[in-house]
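First to last, the sequence lines map onto chains B and C.
Just so you know, the numbering used here puts 19 at position 19 of the first sequence, and the rest follows in order with no gaps.
In the numbering used here, each residue's number is its place in the second sequence (first place is 1) plus 1000.
Working notes for the structure below.
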Amino acid sequence: MATANLNGRAEPGISKYCITFGVSLAALILAGGVLVFSYWQHVELLHEGDRVGIRLERLGLTDQEGAQHEPR
Amino acid sequence: MSRVKAWRRAALATYIAAGAALTLAGYAVATTAANANALRDTRERIEDFQREQTAIAENAISAASVRRGTLPPDTRPPVAPDWPALAERAMPSVVALAGINKPYGLAESNHAWRIPGVQQNAATAALTRVRAWHRDWPKEDAKRRQRIICGGVAVAGNQVLTVAHCVEGQEALRVRTAAGEWRDARVIGADVSRDVALIEIEGDPLPPIPVAEVMPRQGQDVMAIGSPGGYGFAVGVGIVAWYGRDAAMLSPDDFMLVTASIIGGNSGGVVVNTRGEAVSLVSYGYGIYTQTVPIDRAQAVAAEIERRAVR
Chain B
1 MATANLNGRA
11 EPGISKYCIT
21 FGVSLAALIL
31 AGGVLVFSYW
41 QHVELLHEGD
51 RVGIRLERLG
61 LTDQEGAQHE
71 PR
Chain C
1001 MSRVKAWRRA
1011 ALATYIAAGA
1021 ALTLAGYAVA
1031 TTAANANALR
1041 DTRERIEDFQ
1051 REQTAIAENA
1061 ISAASVRRGT
1071 LPPDTRPPVA
1081 PDWPALAERA
1091 MPSVVALAGI
1101 NKPYGLAESN
1111 HAWRIPGVQQ
1121 NAATAALTRV
1131 RAWHRDWPKE
1141 DAKRRQRIIC
1151 GGVAVAGNQV
1161 LTVAHCVEGQ
1171 EALRVRTAAG
1181 EWRDARVIGA
1191 DVSRDVALIE
1201 IEGDPLPPIP
1211 VAEVMPRQGQ
1221 DVMAIGSPGG
1231 YGFAVGVGIV
1241 AWYGRDAAML
1251 SPDDFMLVTA
1261 SIIGGNSGGV
1271 VVNTRGEAVS
1281 LVSYGYGIYT
1291 QTVPIDRAQA
1301 VAAEIERRAV
1311 R
C-alpha cells in the first residue's frame, strides 16, 4: 500500500469531506429557513385563524363538512 | 487527529444534522402550509356565504319588510314613556355580567382549531410552544382579572338571558345584581350563531322582567339597559330604526335595529318598550345603529338550550 503522496497533495480525501460539509451546512441553513417560515405561517394561523374560527362559528358554518372552497 | 479525520467527522455530523433538520422542517412546513390553505379556503367560503346572504337580504327589502318584526306589531294605544319610572321598575331584573378571559395557555381555546381542515399535531404543538415563549403568554395570563363585560336580564327562576358572545371565551362568570350583590354564575348553554346564551345564577331568584308579546313598530321609543364600557345598570333611549335580516356577523336571521345610545359592554342588556316590557337583547353595533335579538327568538333559543342541557 502506497504511503507516499505522489501527486503532491498532502491529504487527498479532504476535498470530498469539504464538499459534503458545505452541502450539508447549506441544507441545514435551508432547514432553518423553512422552520422560521413555518413558524410565521403558524403565527398567522393562531391570529387570523382565531378570528376566522369565531366568524365561522357565529355564522353557523362549522357543521359543514370540509374547508374546500366551492365556486358558486 | 489528522485534518482528514476532523473534516470527515465534521462532514458526517453536519450531514446527519441536516438530514434530521430537513425532515423536521418538511414535517412542520407541510402542516403549516396545509393549515394556511384550510384557512384561506374557509375565508373564501365565508366571503361567498356573506355575499350570497347579503344579496338575498337586499332582494327581499322593502318599506314593508323593514316594518315587520318577528311578533305582531304593537298596535296598542301609545304610552308616553316615563323613562325614570321604567328604569326603576326594570332594574331588579337586570344584572351586570363579569368574567375572566380564558388563558392563552398553549392556545387550547384558539378558534383556529375548529376550522375544518386545520390539523393539530406535534409540529403545531412545538410551534405553539415557541410562540408562547416568544410572546410570554404565561405573563399575559397572569395579568388576567375579572371585569364587567356585559349585561343580562332575569327571565325565570335563577335563569338569566344574555347573548352568546358575552360568555364565549370566558373562564369564570359572576353577576352583579342591581342591589350590588355579587353572585356566581354558570353557563347553561350558548348558541353562538344566534347570539343567545342562558346562564344560571346562585342564590335567590331575581324578579323576572315582563316580556312583550308584540314588537314595537318602526319609530317607536325603546330603552336599552346594560353595562356600557363596564359601567353596569346604565340606560340609553332611542327608537326602532328597522327590522332586517342580517348576515354580516351571525347566521342570517331577523333582528331589530335600534338607535339607543349603546357602546361596547351593552351587549346582552335588555331593550324595553315604553311599557317596560322586554322586546330584545343587545347584540352588535353598526355605528349609531345596534342590532338586537328579538325577545321571542331569544326565548325560543333559550328553551332549546335548556332542552339540550337537560338531555
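Glycine included, every Cβ here is placed at the ideal spot set by N, Cα and C.
A quick note: this is a predicted structure, and the numbers were derived from the prediction, not measured.
Just how far apart, CA to CA, sit residue i and residue j?
i, j, result
"Ile-1149/C", "Ile-1201/C", "16 Å"
"Ala-1179/C", "Pro-1078/C", "32 Å"
"Ile-1263/C", "Tyr-1286/C", "10 Å"
"Ala-1020/C", "Asn-1035/C", "23 Å"
"Leu-56/B", "His-1165/C", "13 Å"
"Asn-1037/C", "Ala-1132/C", "23 Å"
"Thr-20/B", "Ala-1010/C", "9 Å"
"Gln-1146/C", "Ala-1087/C", "26 Å"
"Gly-157/B", "Val-1279/C", "For residue 157/B there is no data in the structure shown, the boundaries of chain B being 1 and 72."
"Arg-1144/C", "Pro-1103/C", "8 Å"
"Tyr-1289/C", "Ala-1248/C", "14 Å"
"Gly-1232/C", "Leu-1257/C", "22 Å"
"Ala-1107/C", "Arg-1275/C", "47 Å"
"Val-1095/C", "Glu-1171/C", "18 Å"
"Ser-38/B", "Val-23/B", "22 Å"
"Arg-1003/C", "Val-34/B", "32 Å"
"Gly-1157/C", "Tyr-1284/C", "27 Å"
"Gly-1189/C", "Val-1310/C", "11 Å"
"Arg-1114/C", "Thr-1014/C", "40 Å"
"Ala-27/B", "Glu-48/B", "31 Å"
"Asp-1308/C", "Asp-1191/C", "Note that residue 1308/C is Arg in the sequence shown, not Asp. When rounded, the distance between both Cα atoms is 11 Å."
"Val-1282/C", "Glu-44/B", "32 Å"
"Leu-1173/C", "Ala-1185/C", "5 Å"
"Arg-1040/C", "His-1134/C", "25 Å"
"Cys-18/B", "Trp-1007/C", "7 Å"
Tell me, please, whether the CB atom of residue i is closer than 8 Å to any CB atom in chain B?
i, result
"Ser-1251/C", "yes"
"Ile-1305/C", "no"
"Ser-1193/C", "yes"
"Tyr-1015/C", "yes"
"Thr-1124/C", "yes"
"Phe-1255/C", "no"
"Val-1118/C", "yes"
"Asn-1101/C", "no"
"Trp-1007/C", "yes"
"Val-1167/C", "no"
"Val-1004/C", "yes"
"Leu-1106/C", "no"
"Thr-1032/C", "yes"
"Phe-1049/C", "yes"
"Gly-1046/C", "The amino acid at residue 1046/C is misidentified as Gly; the sequence shows Ile. Judged by the 8 Å Cβ criterion, Ile-1046/C is in contact with chain B."
"Asn-1121/C", "no"
"Ala-1278/C", "no"
"Ala-1057/C", "no"
Kindly list the residues whose CB is nearer than 6 Å to the CB of residue i, restricted to its own chain and excluding five residues on each side of it in sequence; keep chain order.
i, result
"Arg-1067/C", "Gln-1218"
"Pro-1072/C", "Val-1214"
"Ile-1046/C", "none"
"Arg-58/B", "none"
"Val-1235/C", "Ala-1087, Met-1223, Ile-1225"
Starting from residue i, trace the beta strand (DSSP E) both ways and give me its first and last residue.
i, result
"Thr-1274/C", "Looking at the DSSP string, Thr-1274/C is not in any beta strand (DSSP E), and its letter there is neither H nor E."
"Val-1094/C", "1094-1101"
"Arg-1186/C", "1182-1191"
"Ala-1172/C", "1170-1177"
"Arg-1147/C", "1147-1156"
"Thr-1162/C", "1159-1162"
"Leu-1257/C", "1253-1258"
Please list, in chain order, all residues of the same chain as residue i whose beta carbon is under 8 Å from its beta carbon, the five residues on each side excluded.
i, result
"Arg-1194/C", "Ala-1164, Leu-1250, Ser-1251, Asp-1253, Val-1293, Arg-1297, Val-1301"
"Ala-1028/C", "Ala-1123, Ala-1126, Leu-1127"
"Met-1299/C", "In the sequence as presented, Met is not what sits at residue 1299/C; that position holds Gln. Excluding sequence neighbours, Gln-1299/C sits near Val-1155, Leu-1161, Val-1211."
"Pro-1116/C", "Ala-1038, Thr-1042"
Just to confirm, are residue i and residue j a CB contact at a threshold of 8 Å?
i, j, result
"Phe-1255/C", "Gln-1291/C", "yes"
"Val-1323/C", "Ala-1260/C", "As shown, chain C starts at 1001 and ends at 1311. That puts residue 1323/C outside it, with no answer to give."
"Gly-1151/C", "Ser-1065/C", "no"
"Arg-1245/C", "Ala-1060/C", "yes"
"Val-1175/C", "Ser-1093/C", "no"
"Leu-1198/C", "Thr-1177/C", "no"
"Ile-1225/C", "Val-1272/C", "yes"
"His-42/B", "Thr-1032/C", "yes"
Can you tell me where the alpha helix (DSSP H) with residue i in it begins and where it stops?
i, result
"Gln-1053/C", "1003-1060"
"Leu-35/B", "14-58"
"Ile-1305/C", "1295-1310"
"Val-1130/C", "1122-1134"
Residues in its own chain within less than 7 Å of residue i by CB, not counting five upstream and five downstream?
i, result
"Ala-1112/C", "Val-1118"
"Ala-1241/C", "Leu-1257, Val-1258, Thr-1259, Tyr-1289"
"Arg-1129/C", "Leu-1106"
"Asn-1110/C", "none"
"Gly-1229/C", "Ile-1263, Gly-1264, Gly-1265"
"Thr-1070/C", "Met-1215, Asp-1254, Pro-1294, Asp-1296, Arg-1297"
"Glu-1168/C", "Ala-1190, Val-1192"
With 8 Å as the threshold, decide whether the Cβ of residue i is near any Cβ in chain C.
i, result
"Met-1/B", "Since pLDDT at Met-1/B reaches only 49, below the 50 mark, its modelled position is unreliable, and the value read off the structure follows with that caveat. No - not a single Cβ of chain C is within 8 Å of the one on Met-1/B."
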